[in-house]
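Residue numbers (the numbering used here): 1 to 152.
Every residue gets a Cβ at the ideal spot worked out from N, C-alpha and C, and that includes glycine.
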């Protein structure tokens, strides 16, 4: 029985990277590298930085991840030149960043694990609440109760 290919999900059984040695991994891939881009961002160090990140994330189709203390904003957005066959429609004139990209360490294997990965602004807020000092002027203690009235 042969594998059935779909233009969106690739072959039913994807060969292992080592089984494609000498061949072209892109022939067996769904062009993951053409479906997002990641931009390095300054490492967030305070509440204000995380509020900016939350703002990015409320715009949808955005994630945040960190590897080895380097933080990235990941924007899910399919390249307008990706064709139905998962090939580049402007291969001969593609941007330099695409020309420099290799399959040596691409996500073909589907085994990427990040030190920190956030898919929603709520996850960012949970992380900040757990790992960052409280906002300025915000005590970690419960608020001081009101004084009882004096009975006289």
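Query, Result
"Continuous alpha helix (DSSP H) stretch holding residue 47: start and end", "47-57"
"Segments of 3+ residues assigned as beta strand (DSSP E) that fall wholly inside the region 107-135", "116-118"
"DSSP three-state assignment for residue 36, whether helix, strand or coil", "strand"
"Proximity of residue 73 and residue 124 at Cβ, strictly below 9 angstroms", "no"
"Residue 88 and residue 34 closer than 9 angstroms at C-beta", "yes"
"Residue 153 and residue 143 closer than 9 angstroms at C-beta", "It is not possible to answer for residue 153, since the shown part of the chain is limited to 1 through 152."
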